[in-house]
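Quick note: the sequence shown uses my numbering, first residue 1, plus one each step. Backbone N, C-alpha and C fix where the C-beta goes; we use that ideal spot for every residue, glycine too. The structure under discussion appears below in the form of C-alpha cells.
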Amino acid sequence: MKTEGDFSKSVLVENITHFARALRHSGLSIGTGQAIKAIKAVEEVGLESREDFFSVLHSCFVTKPDQMVVFSQTFELFWRDPRYHDRMMSIMLPSVRGANEATKPEAGMKRAGQSLMKDSKELPVSGGNDHEVGEELEVVSTGTSSYKDRFNSMDFEQMSISEIREAKRVITELELPLKKLVSRRFRPDPKGRISDWKSTMQKAARHGGEIYGLGYRKPTERHPNLVTLCDISGSMSTYSRMLLHFLHSLTTQRNNKWTKVHSFTFGTRLTNVTRNLAINDVDQALESAGNEVSDWEGGTRIGESLKEFNFKWSRRVLGRGSLVLLISDGLESGDITELGQEMKRLQLSARRLIWINPLLRWENFTPQARGIVAMLPYVDCFKSAHNINSLIGLAKVLYNSFGDGEKSRLMKTLQYG
Numbered sequence: 001m002k003t004e005g006d007f008s009k010s011v012l013v014e015n016i017t018h019f020a021r022a023l024r025h026s027g028l029s030i031g032t033g034q035a036i037k038a039i040k041a042v043e044e045v046g047l048e049s050r051e052d053f054f055s056v057l058h059s060c061f062v063t064k065p066d067q068m069v070v071f072s073q074t075f076e077l078f079w080r081d082p083r084y085h086d087r088m089m090s091i092m093l094p095s096v097r098g099a100n101e102a103t104k105p106e107a108g109m110k111r112a113g114q115s116l117m118k119d120s121k122e123l124p125v126s127g128g129n130d131h132e133v134g135e136e137l138e139v140v141s142t143g144t145s146s147y148k149d150r151f152n153s154m155d156f157e158q159m160s161i162s163e164i165r166e167a168k169r170v171i172t173e174l175e176l177p178l179k180k181l182v183s184r185r186f187r188p189d190p191k192g193r194i195s196d197w198k199s200t201m202q203k204a205a206r207h208g209g210e211i212y213g214l215g216y217r218k219p220t221e222r223h224p225n226l227v228t229l230c231d232i233s234g235s236m237s238t239y240s241r242m243l244l245h246f247l248h249s250l251t252t253q254r255n256n257k258w259t260k261v262h263s264f265t266f267g268t269r270l271t272n273v274t275r276n277l278a279i280n281d282v283d284q285a286l287e288s289a290g291n292e293v294s295d296w297e298g299g300t301r302i303g304e305s306l307k308e309f310n311f312k313w314s315r316r317v318l319g320r321g322s323l324v325l326l327i328s329d330g331l332e333s334g335d336i337t338e339l340g341q342e343m344k345r346l347q348l349s350a351r352r353l354i355w356i357n358p359l360l361r362w363e364n365f366t367p368q369a370r371g372i373v374a375m376l377p378y379v380d381c382f383k384s385a386h387n388i389n390s391l392i393g394l395a396k397v398l399y400n401s402f403g404d405g406e407k408s409r410l411m412k413t414l415q416y417g
C-alpha cells in the first residue's frame, strides 16, 4: 500500500517531469538526464523554501543567459498559480476581453504560455477549473479562407493591435527557401564528372601502382550569408518593427539554411544587432535590440550609415557570396552624392543587393525623392515589403537569382520623365 509520503513524492516527480517538458516546448534544450538530475536534486535539498526550489531547478535546467527569462516566467506560471489556464488565455488571446484592457506581457511570457497551453491536458495541476472534464471549445471558422487572403494583403500600417499581433505570429512561421551556391572547392564523389587524379594515384599506390579505377570529384555546394540593413527612422517605424520580427525568425529558425544572418539597423547611426536578434525568445530579443539602438524613430542619414558599414563591416560579413537586404524608404536627409557612392560600393561588394521599400505599396509610385533617385541604379532588385504577401514574394526573389522587381519600370520613368 502506498503511503502519503510516497504519493506526494510521485506527484512531485510527475510535476517536475511536466515542467521539464514545458521548458522543452519553450525552446530550452532539456533532456531526460536533466529531468532526472532535477528530481534527485530536489529530493536532496527538500522543499523548505520556494527560493531554494527555484535555485535547484534553475541550476539543473538553465545553461545559457538568454534562457533565464523564459525559465523564470515558466516557473512562475507553473508552480505558483493553480488557475494558470485562465492566465494563459489572457496572455494568448488578449482580444477576448479587449485589447485596451490587456496588459503587455513581459519578454518570454508568451512563449512560456504557449508551452504550458500545449501541455495543459497532461499537467497534474488541479484546482479552480470552471470547465468540466472533457468539455471542448468549438470555434466557428466560416469564411476563414477569404479572411486570410484579405489579411495577407493588408498594409501593416492599417492593422489594429490584435491584427499586428497575428501578423507577427504569421511572420515567425515564414520560411525562405534557399538555393545553394556552387563553390570553387571540390570533394570526392564516385558519381562526379570531373576526374580526380590525386585520389586515383593514392588508390594505385595502395595496389602496387596498378590502376583499377578512376576517382571522380564534384564542386561542393554551400549556403550564402544574409546581411540585412534595416532603416529605423520615424518614417519607417511600423514597417521596421514588423521586419525585425521577420529577421529574428530567419536568425533563430532551427531549419534555417543560411550560413549566417548579420543584422544592422540605421537611422542617424549604424548599429550591429546580430547578437541581440540571435536570442531565441522574440520578445527578449527585440527588447535587447531596443536597448542597444539609440536612434529609434529619429532622422535618416543613409549615406553616412552605409559608409560606416562599407569601411568597418563589409570585409567581415560580405564574404562567401553574401546577399544583402536593404530595408529603407530612401528618404535621405544627408549628402546625396555620398549616398550614391556608398550604394555603388555596397553593390560591388555583395553578390546581390535587394532593396525593400514600403513606399512601393502605392500603385502610382514614382521615384521623385532625391535619395531614391540616387540609390535605384545601384540595386539588383527593387521590391516592396508592406504586408504578408510581399514578404512571401521576397522569399521567391531570394531563391531566384534573376528578376529585378520594379527596378526596370522605375528606371524608365527616370529616363523619360
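How would you label residue i, buried or exposed, when you count the other beta carbons within 10 angstroms and need 16 or more for buried?
| i | result |
| --- | --- |
| TRP197 | exposed |
| VAL42 | buried |
| LEU391 | buried |
| ASP155 | exposed |
| PHE78 | buried |
| ASN364 | exposed |
| ILE91 | Because the pLDDT at ILE91 is just 45, under 50, the model does not fix this residue reliably, and the point stays unresolved. |
| TYR212 | exposed |
| SER146 | exposed |
| ALA205 | exposed |
| ILE337 | Here residue 337 is Thr; the residue named in the question, Ile, does not match the sequence. With fewer than 16 Cβ atoms within 10 Å of its Cβ, THR337 is classed as exposed. |
| ASP149 | exposed |
| GLY33 | exposed |
| VAL182 | exposed |
| SER322 | buried |
| ILE194 | exposed |
| GLY330 | buried |
| GLY46 | exposed |
| ASP52 | exposed |
| GLY405 | buried |
| MET343 | buried |
Once you ignore the five residues that flank residue i on each side, which residues in its own chain have a CB closer than 6 Å to its CB?
| i | result |
| --- | --- |
| THR228 | LEU247, SER263 and LEU325 |
| LEU28 | GLN67 |
| ASP295 | GLY267, THR268 and ARG269 |
| THR274 | HIS262 and SER263 |
| HIS245 | LYS168 and ILE171 |
| VAL96 | Its pLDDT being 34, under 50, VAL96 is placed unreliably by the model, and the measurement read from it follows with that caveat. Correct list: empty, nothing qualifies. |
Our contact map puts residue i next to residue j with C-beta atoms below 8 Å; I'd like the distance itself, whole angstroms only.
| i | j | result |
| --- | --- | --- |
| LYS383 | VAL397 | 6 Å |
| GLU221 | LYS180 | 4 Å |
| THR268 | ARG241 | Not quite, the Cβ-Cβ distance comes to about 18 Å (not below 8 Å), so this is no contact. |
| HIS386 | ARG361 | 4 Å |
| GLY234 | GLY298 | 7 Å |
| ILE232 | THR265 | 5 Å |
| LEU57 | ALA38 | 6 Å |
Would you kindly work out how many angstroms separate the C-alpha atoms of residue i and residue j, rounded to a whole number?
| i | j | result |
| --- | --- | --- |
| GLU44 | ILE30 | 21 Å |
| ASN425 | SER72 | Here the chain has residues from 1 to 417 only, and residue 425 is not among them. |
| SER419 | LEU250 | Within the shown structure, residues of the chain are numbered from 1 to 417, placing residue 419 beyond reach of any answer. |
| TRP442 | THR271 | Within the shown structure, residues of the chain are numbered from 1 to 417, placing residue 442 beyond reach of any answer. |
| PHE19 | GLN158 | 40 Å |
| PRO190 | ASN225 | 29 Å |
| GLN341 | GLN368 | 19 Å |
| VAL69 | PHE186 | 45 Å |
| LEU93 | PRO188 | At LEU93, the pLDDT of 41 sits below 50, so the modelled position is not reliable; the number obtained from the coordinates is stated separately. Computed Cα separation, rounded: 54 Å. |
| SER349 | SER160 | 40 Å |
| TRP355 | SER328 | 7 Å |
| SER237 | ASN15 | 44 Å |
| SER26 | ASP283 | 13 Å |
| ALA76 | SER49 | For the record, residue 76 in the displayed sequence is Glu; it is not Ala. Near 15 Å, if we compare the C-alpha coordinates of SER49 and GLU76. |
| CYS230 | LYS203 | 53 Å |
| PHE54 | ARG316 | 42 Å |
| PRO358 | GLY393 | 13 Å |
| ILE279 | ARG352 | 27 Å |
| SER10 | ILE36 | 13 Å |
| ALA395 | MET201 | 45 Å |
On the DSSP bridge list, what partners appear for residue i?
| i | result |
| --- | --- |
| LEU323 | LEU226 and ARG352 |
| ASN272 | PHE264 |
| TYR216 | SER195 |
| ARG187 | LYS218 |
| CYS381 | ILE354 |
| LEU181 | ARG222 |
| ASP231 | PHE266 |
| GLY330 | Its beta-bridge partners do not exist; DSSP assigns none. |
| GLY405 | PHE382 |
Which same chain residues end up closer than 8 Å to residue i when comparing Cβ atoms and leaving out the 5 residues on each side of it in sequence?
| i | result |
| --- | --- |
| LEU339 | ILE302, GLY303, LEU306, GLU332, GLY371, ALA374 and MET375 |
| LYS104 | Since pLDDT at LYS104 reaches only 46, below the 50 mark, its modelled position is unreliable, and no value is offered. |
For residue i, which residues of its own chain have a beta-carbon under 7 Å away from its beta-carbon, when the five flanking residues on both sides are left out?
| i | result |
| --- | --- |
| GLY192 | TYR216, ARG217 and LYS218 |
| LYS407 | LEU376, VAL379, CYS381 and PHE382 |
| ASN276 | ALA285, SER288, ALA289 and GLU292 |
| VAL62 | MET68 and PHE71 |
| LYS121 | Summary for LYS121: the model assigns pLDDT 43, below 50, so the residue's position carries little reliability, and this model does not support an answer. |
Shorter than 8 Å from the beta carbon of residue i to some beta carbon of chain C?
| i | result |
| --- | --- |
| SER26 | In summary, chain C is missing from the structure at hand, where a single protein chain is found. |
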